[in-house]
Every structure is written in structure tokens, then in C-alpha cells.
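Protein chains: 2
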Amino acid sequence: MAASTNGTLTVTTNGGNGALQLKPTPSNPLPFVALKTGLCYDVRMRYHAKVVNSQSDYTDPHPEDPRRVYRIYKALAEAGLVPLNGASGAALIESTLMQLVPAREATKEEVTLTHSNEHWEFIKRTATMSNEELLDETKYGDSVYFNNDSWFCAKLSCGGVIDTCKAVVEQKVKNAIAVVRPPGHHADPGKPAGFCMFNNVAVASRVILKEYPEQIKKILILDWDIHHGNGTQRAFYNDPNVLYISLHRYDGGKFYPGTTFANYDKCGEGAGEGRTVNIPWPRGGMQDGDYIYAFQRVVMPIAQEFNPDLVILSSGFDAAPGDELGECFVSPAAYGHMTHMLKSLASGKLAVVLEGGYNLDSIATSALGVTKVLVGDAPIPLTNVYAQNDAVQTVDSVIKCQAKYWKCMKIGRMVRDLPGAPAAERLHDVIRRYQSVQLFTSCSMTSLPIFRDRVSRSFDEQVLCSPGFQSAKKVVVIVHDAPQVWTEPDSVTGKISLHESFLLDGAVKYVQWARAQGYGVLDINAPELYTDQDEDGLNPQAAIQDLCIYVWDNYLELSDAKIFVFLSVGDAAAGVVYLLGHREVRGRVRTSITFAGKHALHAIMPIMDEFIIDWYHKNSRIYTYEAPVAPGGSGPGSSGSVAAAKGPKKRFGNVVKTTTENMNELMIDKFTEVTALIENEIAEDESESDVEPERKRARTVTGEN
Amino acid sequence: MAASTNGTLTVTTNGGNGALQLKPTPSNPLPFVALKTGLCYDVRMRYHAKVVNSQSDYTDPHPEDPRRVYRIYKALAEAGLVPLNGASGAALIESTLMQLVPAREATKEEVTLTHSNEHWEFIKRTATMSNEELLDETKYGDSVYFNNDSWFCAKLSCGGVIDTCKAVVEQKVKNAIAVVRPPGHHADPGKPAGFCMFNNVAVASRVILKEYPEQIKKILILDWDIHHGNGTQRAFYNDPNVLYISLHRYDGGKFYPGTTFANYDKCGEGAGEGRTVNIPWPRGGMQDGDYIYAFQRVVMPIAQEFNPDLVILSSGFDAAPGDELGECFVSPAAYGHMTHMLKSLASGKLAVVLEGGYNLDSIATSALGVTKVLVGDAPIPLTNVYAQNDAVQTVDSVIKCQAKYWKCMKIGRMVRDLPGAPAAERLHDVIRRYQSVQLFTSCSMTSLPIFRDRVSRSFDEQVLCSPGFQSAKKVVVIVHDAPQVWTEPDSVTGKISLHESFLLDGAVKYVQWARAQGYGVLDINAPELYTDQDEDGLNPQAAIQDLCIYVWDNYLELSDAKIFVFLSVGDAAAGVVYLLGHREVRGRVRTSITFAGKHALHAIMPIMDEFIIDWYHKNSRIYTYEAPVAPGGSGPGSSGSVAAAKGPKKRFGNVVKTTTENMNELMIDKFTEVTALIENEIAEDESESDVEPERKRARTVTGEN
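Sequence lines, in order, name chains A and B. 11 is the number of the first residue of the first sequence in our numbering; add one for each residue after it. 11 is the number of the first residue of the second sequence in our numbering; add one for each residue after it.
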């Protein structure tokens, strides 16, 4: 206590004549540095256990296993941080780096600051229940179990956490870790749940705020247990003085506790609005790089803006490799780095509290990684530093949502729902309309009517054709994705400047060329379909496949054209490949050229024509992106290049590698090559037009649809 | 030494029976924690001083002042980190937290790993030069001074830094700070410069890489001196194994050393390409929030991806408040937080080396802030956490540039120069063309010819008019900025989806309304002008002012209209206010309504008509944004709302506050109100059209232009 007030170390008050073994001397200038790391551990917390009811309880013990706390203590002891003959305060005092924080039973007054009387009384009753009653409660409760010692252990665990936080606040220790069970973060104010009886961290927070009103006004609770701490979030949902930040698996709401209360859009309410931050991972398999990224982009900036007086870490270790519930890969190194970052807050006042984590080896090594950094060791260098795409997307959703509440999250974003919607027009439609005007002016292209059940403005002028293309002998069919817009949003406001934004549409160049050659031209634009949360839209690939079939059946097949050449760009290629496989095309289609770039390759399906695969491999060219060996270990992992890397089968056509990353660039680069190829195909065809009947005979119908 | 090898603490080798006052015992599990922080300091470094040549040398001493190192030592001593009777190794041994690293003279072999022989020989000669020669060298050198002790001090400073780094690498100390002078980071391999003789950090890095080839393969040099470390950057510009990151004032290349070598686009070359990262601040006045932001967004992600084996910090303290050269405001707290972040790299192997910093008090408190964190104290909580806009923009340019080399910098960005430019069209032109088509279709609006010297496609169809508007009696003139596009770039690729991007153009609604009323309509679009670095474009405000005057002189004044109503949106309003002030308009203009939102307000200038100010105040309405009290301390600081808050004078017109942030939303919200107002103005006018002559008489010409 004295340490915090007059800056000198008074041994008696902080119970640590072991604190760095210093004689209290003015030559100890930094009392904080002189302090040890607190450890709360009590063997008696192992009494709480599942009532053994069947053979399987022996062979397949409950994951919240009494050995959890011991295995962590043992790991600390084996690392030399605490004595192996451990767990007695006397022994710990001998440790040079850590200091025992004795556990004691929490009082009713403390617990009921957070929990209801009924809740308290219910847990109390479990102490005197018969095994049958206990088993019933276990059966009908929300994944909790009880024995007659649960009541005692729950109080001991909770009281231990309270005193751990007090020791940190009073600077009896510089920071601390409470290795306790049962855990707490699922326990609601009203009921136990998820292996949790009392919400240790929530109770401790309330006690601290009540007992140190001057010193501790704001608390940050950081919860990196792989499960959402629904109980803790609930306890402070309306409280502006407690910032709850949780990183957890969400899996679209399916992961325990399985409600949308864990989603990123739950930000607190009332006075507590903006004081809840959820980072909901979409799946298992999250790694160091994902967590470090979330810390650098969201956790630390928000924490620094909030500027807490105390940090309590709800530290489950079920995101560690080997945890069968979490299925993630957060290494001891990453746990160390995150702990190191949190140490920079609140003048180092950090209390770590064990929550979940069920692989006994994993929680031991993870807890050791955290504790070493608490004591003052440097974190182990990270080996995995790359955030995965869906982690980046998740973090981005969080930033977007939190930008309403935190200035640091507002940087580079336009924060609002679509404003002034009444006067809003989809940019895709604006641009397509513009293009049709341009193509009409430059190539007198006109719109071809497309009748579909689902009419959206996105289909207006989706297909443009050259005048009288029905009677053209040679037709170039260009099927492309919506053109790309290159822009750089303002790094502060996130707005884009129309003057510094550019429309990139390589396809136009080909349309103009084909017209100049006097070929008939069909220009098919494949919009990616816009779907908001509510409405479930047409799958884009299905849409372009339907469209290509529709155009073939209603226009191309009936036209006078002897020769078709297909030119497809990006995802739209799926439509062409589908068409070539589902209709009899070999007689009239001479070649199919695809600018795939980083987009996925598509295998042709021989539905109508068994020879189509060979034909396609012989008469196609697919330009696909192959990453050059890039510095900084960078390089794309797109399905396209992966497929290419595997060495695609004939079904994928004649695949040609290119290192041009950008579609538009690719189309410009290959312009001469591709146009020459097309002219050549067409010429060659004229010469051998006599073999035409021959080809026709070769065809066989293998199906109908 | 032994500490690094067998993990137990051998007192004798690391000279620290004081190391945490531990008896060497197996119960010391974390040798790193047991180590002290090294301090290299030697009073003899004060011998290097400017040859006193004039009275002013006394009254106005050179900033690189011998007292610099002493004042830092004194601050550490006063904080109790080292003995006050300081600087002797013997005394330091007594310290509980720090340990002396004795300085010694660097050898020629060491120095010439980085510097040329000539360089070495030249500095050597200064030891025997006459005062006249020394003063000449000072006069003609690149801001360096010499006396006969400079040679010795330069070697001592350099040797001290080498041994400081060695002590860290060999884990004789856990980390260290070298309080040395002369500094080094401006010294080129070929010549001394900027108060620097030998490049201490560069020389030490080369020595370490040479002598510990197995242990130290990659070094990160982080340079936060306010000046760019041109010498260090030069020394490793081609070296892939040394990553040089510098945060410094750039001021468009004007700040010392005053070359573009310090700009963000200088990223190294050859094998070293991508191993130089410059963060060039545009001005003085940078603060904690800017540095922390740069660390979180660029420095730490890149450093973690690089994963160095040793971190050397070129630590000038001239970004601290009170430094007259730096003029920035980086607090001891921020220095502590940045040090804390760097401690997480390279297993804590961090060597801090003094560079510049010339306010004796500032460098002392800053160095203390750094040293406390090195020793193990928690950094002081940050009070300033907000990055300034131009800091964000600077960091963004760095990210954009570094994205070519670092995967972590690639996230959320389209990395390339404008691709496939041949087929690129400015989005502004695309959209304006679309609008003219739409307005032609819906309101048969057509383009009005505008002749200007500087013709850009951006001016095509800039002014649209209703058919026969010249003969319309009532004309609504709508002057607006280019419409806004709302979009959200993909958080991974930075691409924007045209389907999820929206064109927001509230102006169209007013055009359609005015046409429906049978009014003549003029629709003037004010493009923000696109200007790239090279070409200096027309100032947008001047452009719209010219245009409004042009339209008035060539069309409006000559038209038959008795009544004009002006409706202006955003920055374009500047043109209308300018016009109203520079032409005689009261006779025919009834009202001027402006949607200003967050845009700046404009005061009218009574050039032609002294009564125009009262008239404008009476006959205008300017909707301006006023920030509601926002949570999270956020809220806009736009000039618009500021001007409004000040309570604008009559010259600004009749200003009405609104809390609608978005322009487009604002125009939709106020549609009924504004259209009613306009109709009312026009109606009222018809009733009192007899007073028309009266008004005319009231006018007086007060000027010409």
C-alpha cells in the first residue's frame, strides 16, 4: 500500500520481505520493479468435482477437471517460478519472483454485488444436496455440475480473485495471476452456467470499484477465453466504467454460449453503450497472427483511448493448440506478447484470472507463457504474424461498429448507414448505363432484351449487341465481370474522390476492336449481385451460367453465325465454361479465351458432348495468375493460382501462367496476342470450312436438359 | 555471459552481485529477469566541445553541448537509478537496477567496417590541428565542429556503443542505454555531418553482424530522432539484414538534412530493397498520438514480420517538448510506451543509443522515461492518444509504399500504380456523363457551352440547362459539388464493389422538382480538380468562382428572367457567395439557400453593392452542421462547425444549425422546407413586384472589376 502512496517500499505493509529480497533502502528507486508477481493458488479448489455416476466418468472425465489448476501450478514450479513442494504460502515466500496471494472464501456481501440472492442461495444449497439432487441439477442446468464441495470451492475461487485484484491495486504485487476454478465468465447475475458458478471477475470488479472509488474509476476486462464471456458482458452491459473486450469463436452464433449476444454489433446499452467490444471469430483455426492483428488494430487503441485504472484478464486457454473445444492455435509466444501489450496499460496494474481451457498440457504451457511475461521475461518472438483474411474481415466489422464510440476507430472510415438512401443509385448501374451510352456512340451497340423472372436494375443493359448481329457470320461473344474501379479512399475520412477514382474496363477495347474487324459482337456484363443481410440473392455464378445458356438458346444458336469466339473475363468465365459443357457448341465455337487472373479456374463438364474436354483443352486459352517469388514472404493464396499450381487437368482447358496481377493490366498486355490468336482461328477455320460436316457427325448426344 | 548459455546466473561474469540482489541459486529460473539494465556513460565524452571563438560561444553555446550526457546521467541519478556520486564503474556496481558498461575507444578495424579510410584519417587529423584549422573545418564542414579532443571522444562514443550492443547480445545485461556523444546517425560512410563524426549505431551493427554471425543475423535499427538518420540509412541501403525504420520531420524535404532521401518512397535498393522504412512527418507539432499510431500501424507489424535478432534504437530526444529544433511534443510517457513495444522484439535484446536532442531538461526527462521502462517499470499511461489527420495521411503513404514489401502492410489496399491506364477513365467524368443522360431523359436538360482556356474533360457537361431557360421568367440556379459516392472497400483487398457502392446526389431531386414547377433550371457541377504531384492545378474555389461569374455574365444577366433563386451545395457555395458580392444581383435574385453541412462558410464581400450584406443576411439560409455532444470523446472539428460555433457575422448570411452530418441526407431532410421557402419567396415577390424600381434606386456602384 505504502508503495503506491509515497513511492518507497515498506516491507511490512506489502507482506513481501521477499519482494526482490531488498532491504527497504532509498537505493530502491522503482518500487513497482521491486515488487513480485502475485500467484493465487489453493489446492482445496480441487474439491469441486463431478459426482461420479458411471464408468464413463472415470474413462472420460469432465473437461473442467480438478487437475487443471494443479497442472498449471506444476508447470510454474517446473520452470522454477515457484517451489515444487508447492502451494503452501510458506514455500512460496521463498520464491524470488512470485508471491502467494492466499485464497479465501468470498462473502455474501461481495458476491451479491453482482449476483442475485437466489443465485447465492441456490449455490449454497448444493452443499447439502444428496447425490441424486446434485445429479439432477447437473442434468437440468446449463452445462454445470455440482458436488457438496462446489459451494466452498466457488466461494474460494471468487474470494481468491477478489484478493488477487486487491493485491494488484494496493501494489502488494506488481501484477498477478489467479489460478482458480471453478471459472466464472459464463455465470450470469441470475444463474450459473458453462462450468461457472460465481462470476469471479465480475464480482471482483464490483468490489474494487466499490472499495477503491478514488483510485480505480475505470476497469478494462479483456476476455480471450475462446468462449464469449456472456455473464461478464451481461453484468456490465449498462456500465460506462467497465470496458468489456472479448475475443472468441462465434461461428455465426453456433459456438457456445450460442447466442447473438456475442456478435460484434453488441456494444452495450444505456450508459454502457460503446463499452462492450466483441471480436467474434467466424470459425476455429484462428492463429497468433489473427490475435496480434486484433490487438494492434482494435484492442490496444481502444484500451488506450479508454485509459483504464486496472486491467483484469479473463484468461481462458482454450484457444491454445490441442484444446478440443477451441480448435485454435494460439501459441504461448502469442499469449506472452498479448500479456506484454496489456502490461503497458494502467501503470502495469494487471490481474490475470484463469477461466476455461481443457487440455491439461496446453493450459499449463500457455499459463507459463503468460506468467513469465508477468514476472518480467521478454516474450518469445512470434513465428506466425500473418492475419488470415476472415480474421481481417471480422476485425473490420468490429472497427466499423465501434467507430461510433471510439475516435481511434473512426480513422479512414465513412461511419454511417447508407445516407440519404432516397437519392442513392447503385454505382454499378450508373457505370453500366454510361458504358451502354459509350458503346452506342462508339460502336452503335444496343441493348438486347433479356426476360427473367427476377428483374433488377442490375440487369438493364446487361447484354449489348452490335447492329444486326443475328445475321453476322462471325460473332465475338465477350462475357465479363463488372469493370473494376481503382480508388484510394481518403485515409482520414474514408471518402473517395471521384477525381482520383478510375474506371478500368479492358473489355471495351476488345469490343471496339471486334467491331472494327466487322465481326458481330455480343457484350455480356455479369454483375456481382448485391445482397443485404435480409434478402438472399441469386448466387452470382448460377446467375451468369443461366444468362449464358439463355443467350445461347434465345439468340446465338438461332443466329446465322457460322463462327463464334468466346472471350471471358474473371468470374464470368464460369458462365462460358458452363455453356460449352451444356450445349452442343463444337460445330460453331472456334475458341474460348479467358482472362482468369487470380480468379478460380473452372472445369468443363461433358454433359452434351463426350469429346468436349479434349476440344476445350485444344481450343482454349486461360490466362491465370502465378505469384512471382515475392519478398517479405508475401504472395497471394487465391484459389485460382492454387488450382494452377496443382497443374490443372485437361478439363480446365489450356492454362497459361502470367505474373500480371491486375485483370485490366492483363487484358491490355495480352491485347495483340489475343486478337492475333482470334483472327488466326477464324482464318484457319475458313480454309477448312469443308470439314464442317465431318465435325458435325462426330457429335453425339449424351443427355438432355 | 554464462546467463545466455546455461540459463543460471553467474555473478562474476555479469558483474552484478547486485543483480536483483540474488544469491546465485538454482531458484533463479529466469536469467533474463535477473539481469540489470546496462548504462554506458563516460565523463570524458564531455571533452569534445566547440573551440571558443567569440563571446557568443559563451552566451549562446552550440546545441550539441557537452553537458547533454551529464544532464541525462544526473536525471537517472536523481531518480535513484544510479548513484549521484556517479560515473565511476565502482559506484555503479552498487546500483540495484543498472550496471555500468565501460566505454572504450573504437578501433580502426571496427570503424572502417562502415567508414572509409579517408574518413577515419580525417577525424584523426583533427586531434593535431591548430585552432585556426579546426575553426575552418567547422566553418566549411556540414554542421560539425571539432577540437583536439573530438578524435578521442568520437572513438570513445563509438566504442561505447559497440560494447553496449555486445553486452546486450551476450546477455551481460538484459538491455542497455548508451548515453554518449558525439552522436552518429548523420555521419555518412564517407564524411562527418550534423554534429556526428562516426556513425556509432552503424559501426556497432556491422561489428555485431561480423562477430556474432550465428546469433545475430538480422538487426532492426529504429531511429526516432526528429532528424532523418541519413548516414545510417545510407550505410545499410543495400543490406537485407538490417532494417532501418525512421520517424522524423520532413517538411517536404526542407528539414535537416534536407534531402528527399528521407521521404517515404525511399525503401532501400538492390538486396536491401524494402529494408528501409521512412515515416516523414510533414511539420513540427507532432504528438504522442501520432507516434503511437505509427508504431501500431507500421513499426510493430513490420518489425514483427522482419523478426530481428537485435534491436538498436537511435534515440534522439529532439522530438520532446521544449526542443527548439524539433518543435514536437513527444512526452516521456510516449517514449516509455514505444520503448515497451520495442522490448517485445528480439527476446528483449534492445540497445538504446543517444543521438540528438538539445534541450537539456527535455532530453533528461525523456531519457529517464525510456530508462525506467528498460529497467522494468510500467510505462506511464498516455494522455494524448489521438493521431492528427496529417499524421494519419503520412502513415498511410508509408503503408501504401511498404505494401510492396511487407504482407502485413498489404491488408485492405489495392497495391499498384494505376493499372492498365490505357483503359482508365476518371469516375467523375463517367458519373457526370451519366447524370447528363439522366437529366436529359427526365428533365430534357441539355449542356450549356462553357469556353475556358483550360479545357479538361472534367468540364464537359458541367453546366446543364432546361430547354429555353433564356426566356424563362423564374430560374432556379443549382450549384453543387460533384455527387458523393458511398462505398466500403474490401477489408482484405481494398477493392470496392460497384454493387455495394452508391451514388448520392440530392441535387437531382431539386432539379426535377424545379422543372416540375415549370421554372427554368441551371444545374452547375463543380468538380474538385484532380491534381497530381507534378502538375499544379487550378484552385477549386477559384474555379467555381470564375465559373459562377462566367455563367452570370454570359447567360443569367442577359436572360429574360425576372427572378433568380440560388441553391448551392457544399464547397460550391463559395462560387455563389462570390457572385452575389461581385455583381449587381439584388434586383433579380430573391434568395440564396446553401447546404453547407460541415463545409466552410463563406462571407459575402460588398464589392458592387454596400447593402448586399444586410440583404444577404435577410434573404439567405445556410444550413450548417453543428456537432451533437458525441460519446467516446469523438466529434468533428471542421471549419464549418467551428465558424458556426463562433456565431457567424451577418456577412455569412442567415446561418441555421443542423445535426445532420451527411450532405445528401441533409438535402433530403430539408426538401419540403426548402422548396416551400423558394415557392414562398417567388410568390411574395410577384405580389410586391411594383416595388421593383424602388429597389433598383437603392443600389449604388462602389467599385469595378
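Positions of the beta carbon are idealized from the N, C-alpha and C atoms, including for glycine.
- Short of 7 Å from the beta carbon of Leu-352/B, and not among the five residues preceding or following it, lie these beta carbons of its own chain, in chain order: Leu-232, Val-321, Leu-323, Leu-360.
- Two segments are said to touch when three or more pairs of C-beta atoms, one from each, lie closer than 8 Å; by this definition the region 78-88 of chain B touches the region 375-386 of chain B.
- Under DSSP, Glu-435/B forms a beta bridge with Leu-513/A.
- Looking at the backbone, the Cα of Gln-314/A and that of Asn-251/A are separated by about 14 Å.
- Annotated three-state conformation of Val-383/B is helix, per DSSP.
- Judged by beta-carbon spacing, Gly-422/A lies within the 7 Å limit of Ser-501/A, meaning their Cβ atoms are closer than that value.
- Residue-level contact check: Asn-288/B does not touch chain A, since none of the beta carbons of chain A fall below 7 Å from its beta carbon.
- The continuous stretches of beta strand (DSSP E) do not include Trp-234/A, and DSSP gives it neither H nor E.
- Residue-level contact by beta carbon holds for Arg-443/B and chain A, with a gap shorter than 7 Å.
- Note on Arg-307/B: 16 or more other CB atoms within 10 angstroms of its CB, so buried under the neighbour-count rule.
- Within chain A, the residues whose beta carbon sits less than 8 Å from that of Met-310/B are Gln-306, listed in sequence order.
- Taking 7 Å as the Cβ-Cβ cut-off, the region 69-99 of chain B approaches chain A at Ala-89, Gly-90, Leu-91, given in chain order.
- Arg-191/A sits close to Arg-78/A, with the two beta carbons spaced by under 7 Å.
- What Val-363/A touches in chain B, judged by beta-carbon distance under 7 Å, is nothing: the nearest beta carbon there is about 19 Å away.
- Contact between Ala-116/A and Val-213/A holds, with the beta-carbon distance rounding to 7 Å and staying under 8 Å.
- Annotation: Lys-176/A to Ile-218/A spans about 7 Å, alpha carbon to alpha carbon.
- Thr-242/B carries a helical assignment under DSSP once its states are collapsed to helix, strand and coil.
- Exclusion of the five residues before and after Lys-134/A leaves Trp-161 as the residues of its chain whose Cβ lies within less than 8 Å of its Cβ.
- Proximity to Tyr-633/A across Met-673/A, Gln-109/A, Gly-194/A, Ile-506/A peaks at Met-673/A, based on C-alpha coordinates.
- Bounds of any beta strand (DSSP E) do not take in Leu-589/A; it lies within the alpha helix (DSSP H) bounded by 583-592.
- Under the 7 Å criterion on CB atoms, Ile-488/A is classed as non-interfacial with respect to chain B.
- Close partners of Ser-511/A in chain B (Cβ separation under 8 Å): Arg-436, Leu-437, His-438, Val-495.
- Using a 10 angstroms sphere on the CB of Ser-325/A, the tally of other CB atoms reaches 16 or more, which defines it as buried.
- Phe-461/A is classed as exposed because its beta carbon has fewer than 16 other beta carbons within 10 Å across all chains shown.
- Close CB contacts of Asp-198/B within its chain, under the 6 Å cut and outside five residues either way in sequence, are with Gly-241, Arg-244 (chain order).
- By DSSP's assignment, Pro-290/B forms a beta bridge with His-258/B.
- For Arg-661/B, there is no enclosing beta strand (DSSP E), since its DSSP letter is neither H nor E.
- Comparing alpha carbon positions, the residue from Ala-59/B, Asp-515/B, Ala-87/B, Ala-583/B closest to Ile-554/B is Ala-583/B.
- At a cut-off of 7 Å between beta-carbon atoms, Ser-446/B makes no contact with chain A.
- Contact between Val-561/B and Phe-576/B is ruled out by a C-beta separation of about 11 Å, above the 8 Å threshold.
- Residue pairing by DSSP places Ala-388/B in no beta bridge whatsoever.
- DSSP, reduced to helix, strand and coil, places Tyr-635/B within a strand of the structure shown.
- With at least 16 other beta carbons inside 10 angstroms of its own, Gln-445/B counts as buried.
- Counting other Cβ atoms within 10 Å of its Cβ, Arg-442/A reaches 16 or more and is therefore classed as buried.
- A straight line joining the alpha-carbon of Val-473/B with that of Tyr-565/B spans about 11 Å.
- According to the DSSP assignment, His-129/B belongs to the alpha helix (DSSP H) that extends over 127-135.
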